[in-house]
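Engineer: One structure follows; several queries about it will come next.
Number of protein chains: 2
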Amino acid sequence: MERKEISKSVLKRLPGYLSYLKSLPEGSATYISATALANALGMGEVQVRKDLAMVCDGGRPKIGYLRERLIEDISQFLGYDNTTDAILIGAGKLGQALLGYGGFEAYGLNILAAFDAAPIAEQTQEGKPIYHISQLESFCRANNVLMGIITVPAMHAQQVCQQLIDNGIKAIWNFAPTHLDVPSNILVQNENMATSLAVLSMHLQAQIKEKK
Amino acid sequence: MERKEISKSVLKRLPGYLSYLKSLPEGSATYISATALANALGMGEVQVRKDLAMVCDGGRPKIGYLRERLIEDISQFLGYDNTTDAILIGAGKLGQALLGYGGFEAYGLNILAAFDAAPIAEQTQEGKPIYHISQLESFCRANNVLMGIITVPAMHAQQVCQQLIDNGIKAIWNFAPTHLDVPSNILVQNENMATSLAVLSMHLQAQIKEKK
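Those protein sequence lines, which keep their order, are chains A and B. Under the numbering used here, the first residue of the first sequence carries the number 1, and numbering increases by one thereafter. Under the numbering used here, the first residue of the second sequence carries the number 1001, and numbering increases by one thereafter.
Here is the structure:
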């Protein structure tokens, strides 16, 4: 089917449908209705129907969607079935936690290697190689990598970002708590855990004050 | 000083300043100017000055801010110096990666224990306990925990969220790719890595198509 323009809010809900559909046991019914999906996820039926219409040809009236087909359609739409190779820069604690997290493969992400200005080991516990940052250029050229994950301290992030772009990276997943300046053809997705923690912590402080 | 209302965009930049200030070597100058900070982080001087004015008494003209004091003020403002105890629900791969990440202490987060519906071990490699979910209530009561981290599959997230709230949790860090319904006094901070990956992957697909 033709690919429609999709809003970010739909994009945010799709992984939830997918996760639910995949979690159903082997012997589940072949078809699933929008109503059943809506009920299971505590969402509105109309919204579920509209969201699914964005990514797959409508379900059959009174029967619903072919479950396996729906899983395929959403996965394909989200790009989870195209494996994307990525490299990670900054093999500190967060970088190593991400390298060690085996769950990204399900989302089509394959972290090939990590780079660090001062690698403390040649590879991670899981056997992923950690190279010196000076090897970035030759590695990117040899492996045609398009995605980079930044897990260096904030003050080094812009410099690392520029190095990635210079070596052909087009999409950057930024875990450093800082803004990155990039040309318009480069996408930066920020994952600011420090900010999240600050927001949560502020909320708790306010709650504790209220109680007093 | 009196606490001012602060915008989310300022809140997003503060961890960047803090990370830079902390990274300066031991023997660095006692004072640092807004200009120096702005240059180091590639930001506008006026913005840096305004941001810092929100969290600390202004620096001295032509001299700047007392570095150690600035670190203290930002940390205190962000709540990083109040350690917050948290529990984590869902000791799968992502949960274990977070449990194993030693970097949260710097942000004032202390994960006491993990809970799972089917714990595969009694503790993590790092020695954090993993309990059966049935022990949640007694643990929360005994430890007065206010923050919960959700790393279960999407379809179980709402139920887990309700259990946390029933046990006194006021702030939830949600890593499950789904929306959570909560009362107005509960704060949910979503960290949707699956969505981030989908956004990045879509950008790459579009770039690859353009090239063809």
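Each residue gets a CB set at the ideal place from its N, CA and C atoms; glycine is no exception. Being a predicted model, the structure only gives us computed values, none of them experimental.
Within 8 angstroms of any Cβ in chain B, is that where the Cβ of A:LEU11 sits?
Structural biologist: yes
Engineer: Within a Cβ cutoff of 6 angstroms, which residues of the same chain sit near B:GLY1064, ignoring the five residues on either side of it in sequence?
Structural biologist: Cβ within range, chain order: TYR1031, ILE1032, SER1033.
Engineer: Residues of chain B with CB closer than 7 angstroms to the CB of A:HIS132, please, in chain order.
Structural biologist: Those within 7 angstroms of A:HIS132 in chain B number zero; the least Cβ separation is about 20 angstroms.
Engineer: With a cut-off of 8 angstroms, does the C-beta of B:ASN1082 fall near any C-beta of chain A?
Structural biologist: Under the Cβ criterion of 8 angstroms, B:ASN1082 is counted among the residues facing chain A.
Engineer: According to DSSP, simplified to helix, strand and coil, what is A:ILE46?
Structural biologist: The question names Ile, yet the displayed sequence has Val at residue 46 of chain A. Helix.
Engineer: Using the beta-carbon of each residue, which ones in chain B are nearer than 7 angstroms to A:THR178?
Structural biologist: GLY1016, LEU1041
Engineer: Let me know the alpha helix (DSSP H) ranges lying completely inside the stretch 28-94 of chain A, each 4 residues or longer, listed in chain order.
Structural biologist: Residue ranges of uninterrupted alpha helix (DSSP H) with 4 or more members, entirely inside the stretch 28-94 of chain A and ordered along the chain, are 34-41, 45-55, 67-78.
Engineer: At the level of alpha carbons, what is the spacing between B:GLN1135 and B:ILE1087?
Structural biologist: 12 angstroms
Engineer: Count Cβ pairs between the stretch 1155-1170 of chain B and the stretch 1010-1025 of chain B that sit closer than 8 angstroms; are there 3 or more?
Structural biologist: no
Engineer: Find the residues of chain B that neighbour A:GLU191, judging by a C-beta separation of less than 8 angstroms, and give them in chain order.
Structural biologist: What A:GLU191 touches in chain B: GLU1191, MET1193, SER1196.
Engineer: Can you check whether the C-beta of A:LYS93 is within less than 8 angstroms of a C-beta belonging to chain B?
Structural biologist: Proximity of A:LYS93 to chain B, defined by a Cβ-Cβ separation below 8 angstroms, is satisfied.
Engineer: Going along the stretch 1134-1168 of chain B in order, which residues come within less than 9 angstroms of chain A, judged by CB to CB distance?
Structural biologist: Residues passing the 9 angstroms Cβ filter: LEU1146, MET1147, PRO1153, ALA1154, MET1155, HIS1156, ALA1157, GLN1158.
Engineer: Can you give the beta carbon distance from A:CYS161 to A:VAL182, rounded, assuming they're within the 8 angstroms contact cut?
Structural biologist: Going by Cβ atoms, the distance from A:CYS161 to A:VAL182 rounds to 7 angstroms, so yes, they are a contact pair.
Engineer: Please state whether the Cβ-Cβ distance between A:ASN143 and A:GLY108 is less than 8 angstroms.
Structural biologist: no
Engineer: Which chain B residues sit within Cβ distance under 8 angstroms of A:GLN205?
Structural biologist: Residues of chain B whose Cβ lies closer than 8 angstroms to the Cβ of A:GLN205 are, in chain order, GLY1079, ASN1082.
Engineer: Since A:ALA113 sits in a beta bridge, which residues does DSSP pair it with?
Structural biologist: A:ILE87
Engineer: Chain A beta carbons: is any one of them nearer than 8 angstroms to that of B:SER1075?
Structural biologist: By this cut-off, B:SER1075 is not an interface position.
Engineer: Sorted by chain position, which residues of the same chain lie with C-beta nearer than 7 angstroms to B:GLN1163's C-beta, five sequence neighbours on each side aside?
Structural biologist: LEU1136
Engineer: To the nearest angstrom, how far is it from the Cα of B:ARG1069 to the Cα of B:PRO1177?
Structural biologist: 39 angstroms
Engineer: Tell me whether B:PRO1129 sits in a helix, a strand or coil according to DSSP, three-state version.
Structural biologist: DSSP, read as helix, strand or coil, puts B:PRO1129 in strand.
Engineer: Tell me which residues of the stretch 17-41 of chain A have at least one Cβ-Cβ distance to chain B shorter than 7 angstroms, keeping chain order.
Structural biologist: SER19, TYR20, SER23, ALA40, LEU41
Engineer: Out of A:PRO25, A:THR124, A:GLU105, A:ALA91, which has the shortest C-alpha to C-alpha gap to A:PHE115?
Structural biologist: A:ALA91
Engineer: Give me the residue from A:ARG13, A:ASP57, A:ILE6 with the minimum Cα distance to B:ASN1192.
Structural biologist: A:ARG13
Engineer: Would you identify the three-state DSSP class for A:ALA171, choosing helix, strand or coil?
Structural biologist: strand
Engineer: Compute the distance between the beta-carbons of A:MET147 and B:LEU1204, then report whether it is under 8 angstroms.
Structural biologist: For the pair A:MET147 and B:LEU1204, the CB atoms are nearer than the 8 angstroms cut-off.
Engineer: Report yes or no: is there a C-beta of chain A within less than 8 angstroms of the C-beta of B:MET1054?
Structural biologist: No, its Cβ sits nowhere closer than 8 angstroms to a Cβ of chain A.
Engineer: DSSP three-state call for B:VAL1188: helix, strand or coil?
Structural biologist: strand
Engineer: Mapping the DSSP letters down to three states, classify B:GLU1002 as helix, strand or coil.
Structural biologist: Per-residue confidence for B:GLU1002 stands at a pLDDT of 43, beneath the threshold of 50, marking its modelled position as unreliable; no derived number is given.
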